[in-house]
Amino acid sequence: MILVVIEHADKTVKKVSLEALTLAKDIAGKLGTGVAALSIGAIDGAGQLGKYGADTCFVVEHENLSSFDSTNYTSAITQVAKAKDASIVILSHTSTGKSLAGRLAVQTDAGVLTGVNQFAGLEGEQLVLKKPVFAGKGIATYQLRATKAVFTLMGNAVQPKELGSECPVESFAVEVATPQTKVLKIDRVKGKVPLPEAEIVVSAGRGMKGPENWGIIEELADELGATTACSRPVADMDWRPHNEHVGQTGIAISPNLYIAAGISGAIQHLAGVNSSKNIVVINKDPEAPFFKAADYGVVGDLFEVVPRLTEAIRKYKSSH
Amino acid sequence: MNILVCISKTPETTAPIDFTPDGKELKTEGMNYILNPYDEWYALVRALELKEQNGGAVHVIHVGPAANDIIIRKALAIGADEAYRVDCDPKDAWMVASEVGAFAKEHAYDIIFTGKETLDYAGALVPGMIAELLGVPFISFANHLEYENGKIICQREIEGGYEEVEAPMPLVVSAAKGLAEQRIPNMRGIMMAKRKPLNVIEPQCVSPKQTLTGYEKPPQRTGVKLIDPENMDELVRLLHEEAKVI
Ligand SMILES: Cc1cc2nc3c(=O)[nH]c(=O)nc-3n(C[C@H](O)[C@H](O)[C@H](O)COP(=O)(O)OP(=O)(O)OC[C@H]3O[C@@H](n4cnc5c(N)ncnc54)[C@H](O)[C@@H]3O)c2cc1C
Ligand SMILES: Nc1ncnc2c1ncn2[C@@H]1O[C@H](COP(=O)(O)O)[C@@H](O)[C@H]1O
Numbered sequence: 001m002i003l004v005v006i007e008h009a010d011k012t013v014k015k016v017s018l019e020a021l022t023l024a025k026d027i028a029g030k031l032g033t034g035v036a037a038l039s040i041g042a043i044d045g046a047g048q049l050g051k052y053g054a055d056t057c058f059v060v061e062h063e064n065l066s067s068f069d070s071t072n073y074t075s076a077i078t079q080v081a082k083a084k085d086a087s088i089v090i091l092s093h094t095s096t097g098k099s100l101a102g103r104l105a106v107q108t109d110a111g112v113l114t115g116v117n118q119f120a121g122l123e124g125e126q127l128v129l130k131k132p133v134f135a136g137k138g139i140a141t142y143q144l145r146a147t148k149a150v151f152t153l154m155g156n157a158v159q160p161k162e163l164g165s166e167c168p169v170e171s172f173a174v175e176v177a178t179p180q181t182k183v184l185k186i187d188r189v190k191g192k193v194p195l196p197e198a199e200i201v202v203s204a205g206r207g208m209k210g211p212e213n214w215g216i217i218e219e220l221a222d223e224l225g226a227t228t229a230c231s232r233p234v235a236d237m238d239w240r241p242h243n244e245h246v247g248q249t250g251i252a253i254s255p256n257l258y259i260a261a262g263i264s265g266a267i268q269h270l271a272g273v274n275s276s277k278n279i280v281v282i283n284k285d286p287e288a289p290f291f292k293a294a295d296y297g298v299v300g301d302l303f304e305v306v307p308r309l310t311e312a313i314r315k316y317k318s319s320h
Numbered sequence: 321m322n323i324l325v326c327i328s329k330t331p332e333t334t335a336p337i338d339f340t341p342d343g344k345e346l347k348t349e350g351m352n353y354i355l356n357p358y359d360e361w362y363a364l365v366r367a368l369e370l371k372e373q374n375g376g377a378v379h380v381i382h383v384g385p386a387a388n389d390i391i392i393r394k395a396l397a398i399g400a401d402e403a404y405r406v407d408c409d410p411k412d413a414w415m416v417a418s419e420v421g422a423f424a425k426e427h428a429y430d431i432i433f434t435g436k437e438t439l440d441y442a443g444a445l446v447p448g449m450i451a452e453l454l455g456v457p458f459i460s461f462a463n464h465l466e467y468e469n470g471k472i473i474c475q476r477e478i479e480g481g482y483e484e485v486e487a488p489m490p491l492v493v494s495a496a497k498g499l500a501e502q503r504i505p506n507m508r509g510i511m512m513a514k515r516k517p518l519n520v521i522e523p524q525c526v527s528p529k530q531t532l533t534g535y536e537k538p539p540q541r542t543g544v545k546l547i548d549p550e551n552m553d554e555l556v557r558l559l560h561e562e563a564k565v566i
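Chains A and B, in that order, give the protein sequences. Residue numbering for the first sequence follows our numbering, beginning at 1 and increasing consecutively. Residue numbering for the second sequence follows our numbering, beginning at 321 and increasing consecutively.
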């Protein structure tokens, strides 16, 4: 059985988990096995996960799991995995998934890989998986034993497919001790999709001249339902918060659409964004290196082009 | 306070990446390597600051061959007191974590720092594995850390925000941007580094948990389509009809 660990916020299942279920269903079909979803904490519409591939959804609730603790979360997942004889555990490539993969692989004595963006089939008893390496400058192929594997799946790597019908929801009792770590405070930016999960990202760089000009970027992002990002110097100068910094030393993203305004396209910036499926570059310098990595380019002054693009999208939306 | 910092190497960020024609190996000829920025800029420097405030020692450990001594010397030049190198060429995170775990079990470190990931393979696996081997808490992606009343208070990056966590020692912390400010080694540090101990230890040699079978280059973009800056309706049309993203 393949176990998919569900991520959720405010009881709503995240899209990354639907993607993981869709992939799990695909792998399970090839292995002739089933798929189970595991949610730590209550979620709305747990039965709906059946539509994306889960045969059952296990829900684990325990006061010692009310906030994130890598030891306790690992223990809970291991207990379910052992009881249900899971051969593969799929996590999302988010800070939660990444914080668990290593511990879980050691505890369950499994093969492990993080940042997977493609399942390339089976080779005998081995899962063939691919992930971007060297900040997107290469793709590496790995093999993990299909009988004992843990991996994290990148956001937007798989298109979630609604196929089946609702699945049964079972609560599963685990034993976990009082956590050694204590969460004192959580500060989450409200209403925005976190960068690694965002389908559309609008990003801007030093070409913006100053933080006071970001209004046009935010308007464009709002119009597209996008998340905002920035280049590293912009975060270093505190024009924008650090969690918006994308690139080799920031967050690596692979949205369906990445729009970059006033970013030159330095190699370290490209490293974190060039696995985006479509890239639009807006820059006044036709020689900017970013144009070589772009699908669509607009040579022009961003202070004119960006508001014009926002307007065009608004017009498009009202006519569709 | 005794601190261990795990250091790794990674190709320099502008290094061109290429593979052998059979796609089996990375071409390493003429490649310049650097100390992994997360280990150097954030993990090591925060460790040094904690030592400066609270006393104790900062040790660095690297699992790798003698050719990597240069990055270890850099960590010593920045200010680490002593270095350990486990003499083997690790194939994956598990081989690294097993060596560090076995070493750390023999020493009483209050904090084990790692970087959040190495820039090359971006595994982010080593720290969690070490924590599991030692049975201690693991705080990932820390961008702020204080030592208060015998406890560690950390701010860590979570999806779309931050979380503040309190944890007892000993523990493993992986360092993200913001944890400290990069320090440039000075002449005195570089000279002193030459006299500091660099101990070589024999490996345990466990088998890896993953097998890398080959590489390929990412698909090239077919070339940029330039759009008239006056005509953003055209861009919207292409994004809708051609790219199918809106
Ligand atoms: C080890 C290392 C790691 C790094 N990691 C990262 C990383 O993770 N992420 C990252 O982003 N960078 C990273 N960098 C920095 C990187 O090398 C570049 O310096 C940085 O990306 C440049 O940011 P920028 O494009 O915003 O600024 P600039 O390079 O200054 O580019 C600004 C661009 O805006 C354009 N522009 C100006 N005015 C306008 C206008 N009115 N309209 C339209 N266009 C305009 C200009 O033509 C120019 O192309 C790293 C560097 C190093 C050494
Ligand atoms: N060979 C190594 N020797 C010592 N520490 C390492 C080694 N490889 C990785 N690490 C540490 O583990 C962190 C995460 O690495 P990874 O899990 O490979 O992404 C790095 O930032 C280092 O702190």
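Even for Gly, the Cβ is constructed at its ideal location relative to N, Cα and C.
Those residues which DSSP pairs with residue i across a bridge
i, result
"aspartate 187(A)", "Tyr482(B)"
"isoleucine 354(B)", "Thr330(B)"
"proline 132(A)", "Ile139(A)"
"glutamine 118(A)", "Lys130(A)"
"proline 488(B)", "Lys471(B)"
"glutamate 477(B)", "Tyr482(B)"
"serine 203(A)", "Ala229(A) and Ala260(A)"
"glutamate 402(B)", "His379(B)"
Proximity test, residue i beta-carbon vs ligand 1 heavy atom, cut-off 7 Å
i, result
"lysine 394(B)", "no"
"glycine 250(A)", "yes"
"alanine 288(A)", "yes"
"arginine 503(B)", "no"
"arginine 308(A)", "no"
"histidine 264(A)", "Note that residue 264(A) is serine in the sequence shown here, rather than histidine. True, at least one ligand heavy atom lies under 7 Å from that Cβ."
"asparagine 352(B)", "no"
Any non-hydrogen atom of ligand 2 closer than 7 Å to residue i Cβ
i, result
"threonine 22(A)", "no"
"serine 328(B)", "yes"
"tyrosine 358(B)", "yes"
"glycine 435(B)", "yes"
"proline 447(B)", "yes"
"tyrosine 441(B)", "yes"
"alanine 110(A)", "no"
"valine 420(B)", "yes"
"threonine 348(B)", "no"
"isoleucine 521(B)", "no"
"isoleucine 381(B)", "yes"
"proline 528(B)", "no"
"proline 488(B)", "no"
Distance, residue j Cα to residue i Cα
i, j, result
"aspartate 338(B)", "lysine 347(B)", "6 Å"
"valine 106(A)", "aspartate 412(B)", "13 Å"
"glutamate 402(B)", "isoleucine 521(B)", "13 Å"
"arginine 308(A)", "glutamate 550(B)", "8 Å"
"glycine 111(A)", "alanine 146(A)", "9 Å"
"serine 275(A)", "leucine 129(A)", "16 Å"
"tyrosine 353(B)", "glutamate 332(B)", "5 Å"
"asparagine 519(B)", "tyrosine 404(B)", "5 Å"
"serine 319(A)", "isoleucine 200(A)", "21 Å"
"proline 341(B)", "proline 538(B)", "15 Å"
"glutamine 530(B)", "isoleucine 2(A)", "19 Å"
"glycine 443(B)", "proline 132(A)", "11 Å"
"threonine 33(A)", "lysine 25(A)", "9 Å"
"phenylalanine 68(A)", "glutamate 175(A)", "16 Å"
Discussion item. Tell me whether the segment 71 to 83 of chain A and the segment 28 to 47 of chain A touch, counting them as touching only if at least three CB pairs, one residue from each stretch, are closer than 8 Å.
Written reply: The segment 71 to 83 of chain A is in contact with the segment 28 to 47 of chain A.
Practice prompt. Taking a Cβ distance cut-off of 9 Å, strictly less, list which residues of the segment 433 to 453 of chain B are near chain A, in chain order.
Written response: The segment 433 to 453 of chain B vs chain A, Cβ under 9 Å: Lys436, Glu437, Leu439, Asp440, Tyr441, Ala442, Gly443, Ala444, Leu445, Val446, Pro447, Gly448, Met449, Ile450, Ala451, Glu452 and Leu453.
Worksheet item: Touching or not, the segment 508 to 520 of chain B and the segment 119 to 129 of chain A, by the rule of three or more beta carbon pairs under 8 Å?
Response: No, the segment 508 to 520 of chain B does not touch the segment 119 to 129 of chain A.
Discussion item. Closer than 8 Å is the cut-off here; do at least three beta carbon pairs connect the segment 494 to 507 of chain B with the segment 357 to 371 of chain B?
Written reply: The segment 494 to 507 of chain B, when compared against the segment 357 to 371 of chain B, does touch it at the 8 Å Cβ threshold.
Worksheet item: What are the residues of the segment 180 to 197 of chain A that lie near chain B, defined by any Cβ-Cβ distance shorter than 8 Å?
Response: Correct list: Gln180, Thr181, Lys182, Val183, Leu184, Lys185, Ile186, Asp187, Arg188, Val189, Lys192, Val193, Pro194, Leu195, Pro196 and Glu197.
Worksheet item: Counting pairs of beta carbons, one from the segment 454 to 464 of chain B and one from the segment 147 to 160 of chain A, are three or more of them closer than 8 Å?
Response: The answer is no - the segment 147 to 160 of chain A does not touch the segment 454 to 464 of chain B, with fewer than three Cβ pairs under 8 Å.
Worksheet entry | Selection of the segment 135 to 147 of chain A by Cβ proximity to chain B, strictly under 7 Å | When C-beta distances to chain B are compared with 7 Å, the residues of the segment 135 to 147 of chain A below that value are Ala135, Gly136, Lys137, Gly138, Ile139, Ala140, Thr141, Tyr142, Gln143 and Leu144, in chain order.
Fill in: Residues, ordered as in the chain, of the segment 268 to 283 of chain A that lie near chain B by beta-carbon distance below 9 Å
Against chain B - using a Cβ distance shorter than 9 Å - the residues of the segment 268 to 283 of chain A are Gln268, Ala271, Asn274, Ser275, Lys277, Asn278, Ile279, Val280, Val281 and Ile282.
Worksheet item: Taking any Cβ of chain A, which residues in the segment 537 to 552 of chain B have a Cβ under 7 Å from it, in chain order?
Response: For the segment 537 to 552 of chain B, which is checked against every Cβ of chain A, the residues closer than 7 Å are Lys537, Pro538, Arg541, Val544, Lys545, Leu546, Ile547, Pro549 and Met552.
Worksheet item: Quick check: the segment 13 to 24 of chain A against the segment 44 to 59 of chain A, are there 3 or more CB pairs under 8 Å?
Response: Segments in contact, yes.
Worksheet item: Is the segment 472 to 479 of chain B touching the segment 82 to 90 of chain A, taking contact as three or more C-beta pairs under 8 Å?
Response: As far as the Cβ criterion goes, the segment 472 to 479 of chain B does not touch the segment 82 to 90 of chain A, which means the pair count is below three.
Worksheet item: Just by C-beta distance, which residues in the segment 490 to 513 of chain B are closer than 7 Å to chain A?
Response: Taking 7 Å as the cut-off between beta carbons, the residues of the segment 490 to 513 of chain B near chain A are Lys497 and Gly498, in sequence order.
Worksheet item: Quick one: any contact between the segment 252 to 262 of chain A and the segment 270 to 290 of chain A, if contact means 3 or more CB pairs under 8 Å?
Response: The segment 252 to 262 of chain A is in contact with the segment 270 to 290 of chain A.
Discussion item. With three or more beta-carbon pairs closer than 8 Å as the criterion, would you say the segment 379 to 392 of chain B touches the segment 489 to 499 of chain B?
Written reply: No: fewer than three Cβ pairs fall under 8 Å.
Worksheet item: Listed from N- to C-terminal order along the chain, which residues in the segment 80 to 91 of chain A have their beta-carbon within a distance smaller than 8 Å of any beta-carbon of chain B?
Response: From the segment 80 to 91 of chain A, no residue has a Cβ closer than 8 Å to chain B.
Worksheet item: Contact between the segment 301 to 316 of chain A and the segment 412 to 424 of chain B: three or more CB pairs below 8 Å?
Response: No contact exists between the segment 301 to 316 of chain A and the segment 412 to 424 of chain B.
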